[in-house]
Amino acid sequence: MIIYNKEWLNSTSIQHEAAIAFAQGDIDTEEHNNIKKKYPVGFYSPNIFMRAGIFLLTLVILSFSIGLLSLFLYDFKIIDSFYYLLFLGVVTYVALEFMVIVKHHYQSGADDALMWVSAGLLLFAYIFMMDSISLSKKIQQEELFISGFIFLLSAYFTARFADILIAITCMLSFAAFIFYGWMEIGFYALQTLPFLMMVLSGAIYYAADLLLQRRMYPFYNNCISAIKMISLLLLYLSGNYFIVRELGASLSDAALEEGQYIPFAWFFWLWTFIIPLLYIGFGLKKKDVVLLRGGFILVAVAAFTFRNYYHILPTELVLVLVGIALIGIAWFTMKYLKSPRNGFTAAEIADGHILDKIQVESLIVGETLSSQPVGTDSHRMGGGNFGGGGSSGSF
Amino acid sequence: MNTGLYEKLFEEGCIRQETLDNIREKKRNQLFSLHWELKSLLYLGVMLLSTGLGILIYKNIDTIGHQIILAFIAAVCIGCFFYCYRRKKPFSKEKVNSPDSLFDYLLLLACLSFLIFIGYLQFQYGVFGNNYGLATFIPMLMLFYVAYDFDHLGILSMAITNLGVWLGISVNPMTLLSNIAESDGRTFILTGLFLGLFLVLVAFLTERFHIKKHFHFTYLHFGTHVTFIALLFGYFEDSKNEFSILWIILLLVFTWYIYNNAIRHKSFYFLLLCTIYSYIAISALVIHFLVKGNDMGVVYLGFFYFIISAIAFIKVLVHLNKKVKSL
């Protein structure tokens, strides 16, 4: 099913491992070259800058080509129908297969762009078709059909191209399909929905984990890991108090008053706070980076959820206190792990791109901490930085 | 990483016995690094704390708490500086590795709180009077001093940004774009051009005289963006005049310089910048000529131009990428 040369895919992953091992000093140059010679890769997959550049340029080429074609065909009155979109989608898809099979592009930017454009065109063709066939159907069913179609389309693309973002789209559209389907047929749909989504995302996580452990589909490993990550997020969000309350209110058209409770509020509050901590705990126990980082992010989400309903302290004080707390936690952990303990270390494990990372980090610091608007005449204390702007401003 | 792979590689004769043993040994005592997690926490902490302090001052500026807030900020600033100063290694013209990331971020916090402190002093007590230039000049000097003495790339970026602020423009590409769009142009463009070329010159000198050679990238990054954007907007500003072509010529000369520089440093990033900005310039020129005719044929020509030029652009990128790799 997968379109790429499997031998090369295998070699790509081995070369990737070898590059890391080389950067960490586990193998020397000669061994590294041996491995490279033994496992040659014929794909064209350039670095990330190239990928981004080629992606954008392919989009430019595609949009101008489609524009030019439509301009030529303008007089023939066929560009209004969904057949035209379908035709464009198929042509783009053929171009995609051509680029991958003949030109051996693999994550080069050109294939990414063609993939998204052809999938998008096919989707719009489908939506236009639905609009022209059934103008009288209910809106909810339309969403059901669209999410179902997105699921089928992206499942095919995932199987064929093993692209991570499309795999994520596939999983989310599946969840959406179940969501809308349950809304149609479910028993006490609105009340049971959060629990259904919890079970669903939990099941997806479990299945993905199993697939990864058994190494059933080695070429899809990246996709499966991504799905695992997103399903963790979905699992949390389906029980998050804010999501349950606001989404439920908007779906049932019954606006909740401020301070009005939803059924099982205590359960959802508990879920909001316990799950992130569980993630962090399991992350540390299993030494699983995804769980750990996900947990950190979700702690912040939980805090925002709480603040949305209860204002105990003014925002700026919270910022100061949390800032101090975070620096403190990081400080103590670093001190504690100065020499490695229990298999944990605060030191960096080299993986070859440190120099790049440091450069990028410095730019991030520069961008986020000191980008201040210049030339307006308000005083700029807000951003946590003294911007000045003195040449034209008045203090 | 699994040792199975290395066993297979060993059987195939790609790696030696001792390498395999080393890797096995390493796997047994594999460490789990919390480095990036801790670093992110620190970054977040510094961000939140400095933002919170900023808002705190902004809100309480009219109440009695001046001295207390001022004292608190001063305490944070001095505390962090003291900590960093005690742990810092002596100044050297080469790269000095920082002791750890805690040092980096506390230094950052120290600088941020220093900026807030100065801003507060100026706002509340007007210590610099009406010398607004001075109010930005002093923090800038301070930042440059800290960047060099403590060898901190992030603070160098902040210092360069502040240099721009002192001159009245922003050096961050995105902000710069909206800046130019809002203002009346001419002075902005000339200041930008001057600043950009100055930064490129500093980048050159940094390397020529071996003073903190690793700062080269940061200077050149800002210098290149600012110069290119200033040149492009110079062209747009004058596009109705005949001599506007001069801007494009200047831009191509500058591209040539950056191109050679990038080849020398094997830096694909700067090659990419060269191609992007010169593509914009050439496209602007082509459209300028196309717009003069106004029938349907021109529209078709325009479409054709973009399709063909984008393909050519990809070819150039692929070629340059190969070139950098083979250097």
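In the order they appear, the protein sequences are chains D and X.
Residue numbering for the first sequence follows my numbering, beginning at 82 and increasing consecutively.
Residue numbering for the second sequence follows my numbering, beginning at 968 and increasing consecutively.
Glycine included, each C-beta is placed from N, C-alpha and C at the ideal position.
Nothing here was measured: the structure is a model prediction, and the numbers come from that model.
Asked, Found
"DSSP-derived helix/strand/coil call for S1007(X)", "helix"
"Beta-carbon spacing of L1005(X), A384(D) below 9 Å", "no"
"Amino acids of chain X, ordered along the chain, whose beta-carbon sits closer than 7 Å to that of V141(D)", "F1273 and A1277"
"Check whether C1047(X) and L1074(X) have beta carbons under 9 Å apart", "yes"
"Whole-angstrom distance between L1016(X) and L114(D), CA atom to CA atom", "According to the sequence shown, residue 114(D) is Asn rather than Leu. Taking the straight line from one Cα to the other gives about 49 Å."
"Cβ-Cβ distance between L195(D) and L177(D) below 9 Å", "yes"
"With 16 other Cβ atoms within 10 Å as the buried cut-off, status of S420(D)", "exposed"
"The segment 100 to 119 of chain D in contact with the segment 136 to 154 of chain D per 3-pair CB rule at 8 Å", "no"
"Chain-ordered neighbours of E397(D) on chain X, where CB pairs are closer than 7 Å", "G1019, I1022, L1023 and K1026"
"Chain X contact for D71(D) (CB, 9 Å cutoff)", "For residue 71(D) there is no data in the structure shown, the boundaries of chain D being 82 and 476."
"Same chain, Cβ closer than 8 Å to I95(D), neighbours up to 5 away in sequence not counted", "I116 and Y120"
"Under 8 Å by beta carbon: chain X residues contacting W89(D)", "Chain X residues near W89(D): none, gap ~17 Å exceeds 8 Å."
"N128(D) at chain X interface by Cβ criterion, 9 Å", "yes"
"Three-state class that DSSP yields for I982(X) in the structure shown", "coil"
"Of the residues I361(D), N86(D), V380(D) and F300(D), the one placed nearest N321(D), counting alpha carbons only", "V380(D)"
"DSSP three-state assignment for I101(D), whether helix, strand or coil", "helix"
"Residue span of the alpha helix (DSSP H) that contains R1153(X), given as start and end", "R1153 to R1175"
"Chain X contact for F124(D) (CB, 9 Å cutoff)", "no"
"Beta-carbon neighbours of N389(D), restricted to chain X and to distances below 7 Å", "Per Cβ cutoff of 7 Å: no residues; N389(D) is ~18 Å from chain X at best."
"Secondary structure of F1049(X), DSSP reduced to three states", "helix"
"Cα-Cα separation, C304(D) to L1268(X)", "42 Å"
"Spatial neighbours of I356(D) in its chain, beta-carbon cut-off 6 Å, leaving aside the 5 residues before and after", "Y317"
"R374(D) versus V1253(X) - alpha carbon distance", "49 Å"
"Rounded C-alpha distance that separates L315(D) from F1161(X)", "51 Å"
"Stretch pair the segment 178 to 193 of chain D + the segment 132 to 139 of chain D: three plus CB contacts closer than 8 Å", "yes"
"Y1002(X) versus D1067(X) - alpha carbon distance", "The sequence shown places His at residue 1002(X), rather than the Tyr named in the question. Taking the straight line from one Cα to the other gives about 10 Å."
"Cβ of S146(D) within 9 Å of any chain X Cβ", "yes"
"Separation of I408(D) from P454(D), as counted between CA atoms", "Residue placement at P454(D) is poorly supported in this model, since its pLDDT is 38, which falls under 50; the coordinates are not used for a value here."
"Option in I208(D), F258(D) and A236(D) with minimal Cα separation from G82(D)", "Going by the sequence as given, residue 82(D) is Met instead of Gly. Comparing Cα positions, the closest option is A236(D)."
"For R1054(X), the nearest candidate out of D1262(X), F1117(X) and L1257(X) (CA to CA)", "F1117(X)"
"Cutoff 9 Å: C981(X) Cβ touching any chain D Cβ", "yes"
"Cutoff 9 Å: K309(D) Cβ touching any chain X Cβ", "no"
"Closer than 7 Å at the beta carbon, the chain D residues around G971(X)", "Result: empty, since nearest Cβ-Cβ is about 10 Å, beyond 7 Å."
"R296(D) - containing alpha helix (DSSP H), residue span", "Element bounds for R296(D): n/a, residue is neither H nor E."
"Length of the line joining the Cα atoms of V1285(X) and H1232(X)", "18 Å"
"Three-state secondary structure (DSSP) of F349(D)", "helix"
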